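Below is one structure, written out as structure tokens; the observations come after it.
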Amino acid sequence: MSRWPRSYLPALLIALLALAPIGVLFALASDSLALFDSHNLRVLTNTLLLLVLTMLGATLIGVPLALLTAYVQLPWPRLWLILLAAPLALPSYIGAFTLYAAFGPGGEIENLLGLPTPTMDGLWGAALVMSLYTYPFVMMTTRASLLSLDASLVNAARTLGMSLIACLWWVVLPRVFTGIAAGALLAALYALSDFGTPAIMQLDTFTRVIFVEYNAFGLGQAAMLSLQLMVIVGLVLFMESRVKGSTERPGRQLTLWPARWQTSLMLLSAMPVVLLAIVLPLTIFFAWLIREGTGGFEWQFAWNSAHASLLAALVAVILAVPVALAAIAGPFGRLLERITYLGFGVPGIVMGTALVYLGLQLPFLYQTLALLVLAYVMRFLPLAVGTVRSTAERLDPSMVKAARLLGASPAEAFRRITLPLTMRGMVAGAALVFLEAMRELPATLMLGPTGFETLATYLWRVYEAGYFGRAAVPGLLLILISAVGLALMLSGERRAEFALTEDHRR
Numbered sequence: 001m002s003r004w005p006r007s008y009l010p011a012l013l014i015a016l017l018a019l020a021p022i023g024v025l026f027a028l029a030s031d032s033l034a035l036f037d038s039h040n041l042r043v044l045t046n047t048l049l050l051l052v053l054t055m056l057g058a059t060l061i062g063v064p065l066a067l068l069t070a071y072v073q074l075p076w077p078r079l080w081l082i083l084l085a086a087p088l089a090l091p092s093y094i095g096a097f098t099l100y101a102a103f104g105p106g107g108e109i110e111n112l113l114g115l116p117t118p119t120m121d122g123l124w125g126a127a128l129v130m131s132l133y134t135y136p137f138v139m140m141t142t143r144a145s146l147l148s149l150d151a152s153l154v155n156a157a158r159t160l161g162m163s164l165i166a167c168l169w170w171v172v173l174p175r176v177f178t179g180i181a182a183g184a185l186l187a188a189l190y191a192l193s194d195f196g197t198p199a200i201m202q203l204d205t206f207t208r209v210i211f212v213e214y215n216a217f218g219l220g221q222a223a224m225l226s227l228q229l230m231v232i233v234g235l236v237l238f239m240e241s242r243v244k245g246s247t248e249r250p251g252r253q254l255t256l257w258p259a260r261w262q263t264s265l266m267l268l269s270a271m272p273v274v275l276l277a278i279v280l281p282l283t284i285f286f287a288w289l290i291r292e293g294t295g296g297f298e299w300q301f302a303w304n305s306a307h308a309s310l311l312a313a314l315v316a317v318i319l320a321v322p323v324a325l326a327a328i329a330g331p332f333g334r335l336l337e338r339i340t341y342l343g344f345g346v347p348g349i350v351m352g353t354a355l356v357y358l359g360l361q362l363p364f365l366y367q368t369l370a371l372l373v374l375a376y377v378m379r380f381l382p383l384a385v386g387t388v389r390s391t392a393e394r395l396d397p398s399m400v401k402a403a404r405l406l407g408a409s410p411a412e413a414f415r416r417i418t419l420p421l422t423m424r425g426m427v428a429g430a431a432l433v434f435l436e437a438m439r440e441l442p443a444t445l446m447l448g449p450t451g452f453e454t455l456a457t458y459l460w461r462v463y464e465a466g467y468f469g470r471a472a473v474p475g476l477l478l479i480l481i482s483a484v485g486l487a488l489m490l491s492g493e494r495r496a497e498f499a500l501t502e503d504h505r506r
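Heads up, the final residue of the sequence shown is numbered 506 in the UniProt record's numbering, and it's a clean run with no missing numbers.
Spelled out as structure tokens, the structure:
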């Protein structure tokens with residue numbers, strides 16, 4: 001009988017830790033009297049409407065932009081890809097905050113330009129914001145599918161007299177349906193888990209109502225709502241897992257060379273998206289900065305964000321190593337890895353509800369930095385696991401075997417060979433966890449120690465107080481942090497494109 005890999009035991013403990021919040025929610029929800037009532041029905045309706053409108057809006061924006069960036073020969077193509085993918089890196093509450101402040105009577109657009117604009121709130125305001133900040137999911141997954149298609153079928157259809165638009169509709173899009181569906185489902189997951197946008201737009205979805213119940217000390221009802229939300233999240237995750245990738249053999253890519261005026265018209269049609277999602281938030285924050293300066297902002301808030309996020313990044317990487325090695329070692333390890341991914345599907349507001357109750361049962365943890373770091377780690381551990389595993393999978397196992405034959409112990413072989421060679425993945429994973437933790441809002445609001453303000457929570461406090469001008473510095477810093485995350489994301493996408501090109505050449 002073969003021995004289990006040494007990585008299985010710590011990976012099992014980490015997987016049990018990932019399951020703990022769900023068990024806590026079940027225990028807490030048992031105290032709730034109302035399983036489902038008319039108020040819950042309204043919240044469910046709002047949540048599902050926001051989900052559907054987000055998927056529809058993200059698809060209507062993302063698919064044309066995927067076709068544009070994949071097939072059309074644009075001037076400065078890299079610049080356009082960065083601009084159009086940038087909203088993916090920004091937290092949606094940044095966009096919700098600035099759009100809410102810019103539009104409507106007395107909004108910043110009316111104050112600066114004298115132009116009356118409609119109010120941006122409620123279901124339609126939230127759906128617009130969510131579409132603007134989730135369409136890159138659809139764009140990137142669809143674009144990846146488009147780049148892997150063989151253009152021969154399109155060329156054959158064109159030879160038989162079919163117009164280019166008809167070819168794209170009847171020949172290309174059906175072949176990338178799985179990519180579109182995968183991106184739309186990711187947008188749906190984002191819409192379900194987001195707290196800031198519905199809260200700022202004053203739309204009662206599950207995330208907003210859970211936070212209201214928490215503030216009213218209704219932890220039992222908050223837990224019940226959290227479990228209902230998790231059922232919807234689980235259904236979307238199941239649908240996403242059933243979406244199969246394309247098995248079509250890659251071929252020569254389709255390339256379109258439109259006239260200059262046609263290219264200009266296509267780029268001009270994409271500009272409203274860039275203006276609303278990127279230019280408007282930057283303009284509003286800079287206007288506030290010029291008008292009111294730094295306001296009451298203290299740089300201690302930025303240090304608090306960095307401190308907690310750095311601790312979370314270090315802990316996440318330490319925990320990610322045994323999980324990644326277990327996933328490589330065998331089927332049971334892969335199951336444990338999938339369990340740890342549960343945390344990434346749990347909305348921050350749900351994680352916060354579970355850990356608040358845990359903190360109440362363990363007073364030495366309640367309202368401590370350790371509990372907040374634990375929430376970050378459980379939420380974003382999959383980011384570290386994914387990068388560490390992808391690096392470890394490329395290692396040559398013969399090197400470890402050679403070290404063992406030369407007398408090295410398993411611990412020494414790991415320390416001198418495996419660990420240094422996986423360091424690149426560990427650093428990348430730590431960077432991703434750090435960036436996501438810096439922007440996390442609901443879990444930080446619920447679990448942060450008393451008086452512990454981060455960039456995200458300070459932005460929320462000034463929104464609640466109505467002192468919008470004081471949001472300039474934290475808003476711009478969060479955008480800067482998001483830009484670093486975008487650079488990391490696009491560097492990975494560029495490596496993937498390079499690998500695909502090399503495969504085509506072979």
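C-beta: ideal position from N, C-alpha, C; glycine also. None of the values given here were measured: they were computed from a predicted structure.
_Continuous alpha helix (DSSP H) stretch holding Gln73: start and end_ = Start at 1 with the first residue of the sequence shown, and residue 73 comes out as number 73. For Gln73, no alpha helix (DSSP H) encloses it, and the DSSP letter there is neither H nor E.
_Nearest-angstrom Cα separation, counted from Trp303 out to Leu311_ = For the purposes of this step, residue 311 is identified with residue 311 of the sequence shown, where counting begins at 1. For the purposes of this step, residue 303 is identified with residue 303 of the sequence shown, where counting begins at 1. Rounded to whole angstroms, Leu311 to Trp303 spans 12 Å at the Cα level.
_Residues of its chain near Val373, where Cβ-Cβ distance is below 8 Å and the 5 sequence neighbours each way are ignored_ = Position 373 of the sequence shown, counted from the first residue, corresponds to residue 373. These residues qualify, in order along the chain: Ala308, Leu311, Ala312, Val315.
*Out of Leu319, Thr47, Val484, point me to the one whose CA is closest to Leu225's CA.*
Translated into positions along the sequence shown, residue 225 becomes position 225. Nearest Cα to Leu225 within the set Leu319, Thr47, Val484: Thr47.
*In or out: Arg424 buried (at least 16 other Cβ within 10 Å) or exposed?*
Taking the sequence shown and counting its residues from 1, one reaches residue 424 at position 424. Classification for Arg424: exposed.
*Please list, in chain order, all residues of the same chain as Arg208 whose beta carbon is under 6 Å from its beta carbon, the five residues on each side excluded.*
Here residue 208 refers to the residue found at position 208 of the sequence shown. Cβ neighbours of Arg208 beyond the five flanking positions: Pro198, Ala199.
*When you compare each of Leu336, Met438, Gly107 to Gly469 by their alpha carbons, which one comes out closest?*
Looking up residue 469 in the sequence shown gives position 469. It is Gly107.
_Looking at chain D, is there any beta carbon in it that lies within less than 9 Å of the beta carbon of Ala456?_
Looking at the structure shown, chain D is missing, and only one protein chain is on hand.
_Do Phe344 and Gly196 have their beta-carbon atoms positioned less than 9 Å apart in this structure?_
Taking the sequence shown and counting its residues from 1, the one referred to as residue 196 is at position 196. Taking the sequence shown and counting its residues from 1, the one referred to as residue 344 is at position 344. At a Cβ-Cβ threshold of 9 Å, Gly196 and Phe344 do not count as neighbours.
*Under 9 Å between C-beta atoms of Ala320 and Leu381*: Indexing the sequence shown from 1 puts residue 320 at position 320. Indexing the sequence shown from 1 puts residue 381 at position 381. Yes. Within cutoff.
*Compute the Euclidean distance between the alpha carbons of Ser30 and Arg338, then round it to the nearest angstrom.*
Indexing the sequence shown from 1 puts residue 30 at position 30. Indexing the sequence shown from 1 puts residue 338 at position 338. Their Cα atoms are separated by approximately 27 Å.
*Taking the CB atoms as reference points, tell me whether Phe69 and Leu90 lie closer together than 9 Å.*
Taking the first residue of the sequence shown as 1, we reach residue 69 at position 69. Taking the first residue of the sequence shown as 1, we reach residue 90 at position 90. Checking the sequence shown, residue 69 turns out to be Thr, not Phe. No, Cβ-Cβ distance for Thr69 and Leu90 is not below 9 Å.
*Kindly indicate which residue of Leu25, Leu13, Gly95, Met130 has the alpha-carbon position closest to the one of Leu53.*
By one-based count along the sequence shown, residue 53 stands at place 53. Nearest of Leu25, Leu13, Gly95, Met130 to Leu53, Cα basis: Met130.
*Figure out for me which residue from Val154, Ser163, Phe177 has the closest Cα to the Cα of Val171.*
Position 171 of the sequence shown, counting from 1, holds the residue named residue 171. Of the listed residues, the one whose Cα sits closest to Val171 is Val154.
*Determine the DSSP secondary structure at Leu81, reduced to helix, strand or coil.*
Residue mapping note: residue 81 aligns to position 81 of the sequence shown, counting from 1. In the three-state DSSP reduction, Leu81 falls in the helix class (H, G or I).
*Helix, strand or coil for Leu365, going by three-state DSSP, please let me know.*
Sequence index remark: in the sequence shown, residue 365 carries index 365 (1-based). DSSP places Leu365 in coil when its eight states are reduced to three.
*Please go through the same chain and pick out, in chain order, the residues whose beta-carbon is closer than 6 Å to the beta-carbon of Ser193, but skip the five residues on each side of it.*
Working through the sequence shown from its first residue, we reach residue 193 at position 193. Correct list, in chain order: Pro347.
*asked:* Restricting to Cα atoms, I'd like to know which of Ile278, Gly220, Leu49 is closest to Ile82.
replied: On the sequence shown, position 82 is the one that residue 82 refers to. Closest by alpha carbon: Ile278.
_Sequence-distant residues of its chain with Cβ nearer than 8 Å to Leu486 (five each side left out)_ = One-based indexing of the sequence shown puts residue 486 at position 486. So the qualifying residues of the chain are Ile82, Ala85, Ala86, Leu88, Ala89.
_For a test of the three-state rule: what should DSSP assign to Leu486, helix, strand or coil?_
Translated into positions along the sequence shown, residue 486 becomes position 486. Three-state DSSP puts Leu486 in a helix.
*Report yes if the C-beta distance between Val274 and Ala182 is below 9 Å; otherwise report no.*
For this step, residue 274 is matched to residue 274 along the sequence shown. For this step, residue 182 is matched to residue 182 along the sequence shown. No, the Cβ-Cβ distance between Val274 and Ala182 is not below 9 Å.
*Considering only residues of the same chain and omitting the five flanking positions on each side of Leu186, which have a CB-CB separation below 6 Å?*
Position 186 of the sequence shown, counting from 1, holds the residue named residue 186. Leaving aside the five residues that flank Leu186 on each side, the residues in its chain whose CB is nearer than 6 Å to its CB run, in chain order, Phe137.
_Within the continuous alpha helix (DSSP H) that includes Thr197, where are the two ends?_
Sequence index remark: in the sequence shown, residue 197 carries index 197 (1-based). Annotation: the continuous alpha helix (DSSP H) that includes Thr197 extends over 196 to 200.
_Please report the distance separating the alpha-carbon of Leu227 from that of Pro322._
The residue labelled residue 227 in the question sits at position 227 within the sequence shown. The residue labelled residue 322 in the question sits at position 322 within the sequence shown. Cα to Cα, Leu227 sits roughly 30 Å from Pro322.
*Taking the CB atoms as reference points, tell me whether Tyr376 and Glu436 lie closer together than 9 Å.*
In the sequence shown, residue 376 corresponds to position 376, counting from 1. In the sequence shown, residue 436 corresponds to position 436, counting from 1. Yes, the pair counts as a contact, with Cβ atoms nearer than the cut-off.
*Leu17, DSSP secondary structure in three states*: Position 17 of the sequence shown, counted from the first residue, corresponds to residue 17. Helix, per DSSP.
_Whole angstroms are fine: how far does the CA of Leu132 sit from the CA of Ala58?_
Here residue 58 refers to the residue found at position 58 of the sequence shown. Here residue 132 refers to the residue found at position 132 of the sequence shown. Rounded to whole angstroms, Ala58 to Leu132 spans 7 Å at the Cα level.
*DSSP state of Leu256, grouped into three classes?*
Numbered from 1 along the sequence shown, position 256 holds the residue referred to as residue 256. In the structure shown, Leu256 sits in a strand (DSSP, three-state: E or B).
*Helix, strand or coil: how does DSSP classify Tyr341 here?*
Position 341 of the sequence shown, counted from the first residue, corresponds to residue 341. Tyr341 falls in the coil class under three-state DSSP.
*Check Glu393 in the structure and name its three-state DSSP category.*
If you number the sequence shown from 1, residue 393 lands on position 393. Three-state DSSP puts Glu393 in coil, outside helix and strand.
*Using 10 angstroms around the beta-carbon of Ile61, count the other beta-carbons present and answer buried if the total reaches 16, otherwise exposed.*
Position 61 of the sequence shown, counted from the first residue, corresponds to residue 61. Around the CB of Ile61, 16 or more other CB atoms lie within 10 Å, so the residue is classed as buried.
*Report all residues from its chain with a CB closer than 7 Å to the CB of Thr368; omit the five preceding and five following residues, and keep chain order.*
The sequence position of residue 368 within the sequence shown is 368, counting from 1. Same-chain partners within the cutoff: Pro449.
*Using a Cβ-Cβ cut-off of 7 Å (strictly less than) and excluding sequence neighbours within five positions of Thr117, which residues of its own chain qualify?*
Reading the sequence shown from its first residue, position 117 is the one you call residue 117. The answer, listed in chain order, is Phe103, Gly104, Gly107, Ile109, Glu110.
_Delimiting residues of the alpha helix (DSSP H) encompassing Leu325_ = On the sequence shown, residue 325 is found 325 positions in, with the first residue counted as 1. Start and end: 299 to 329.
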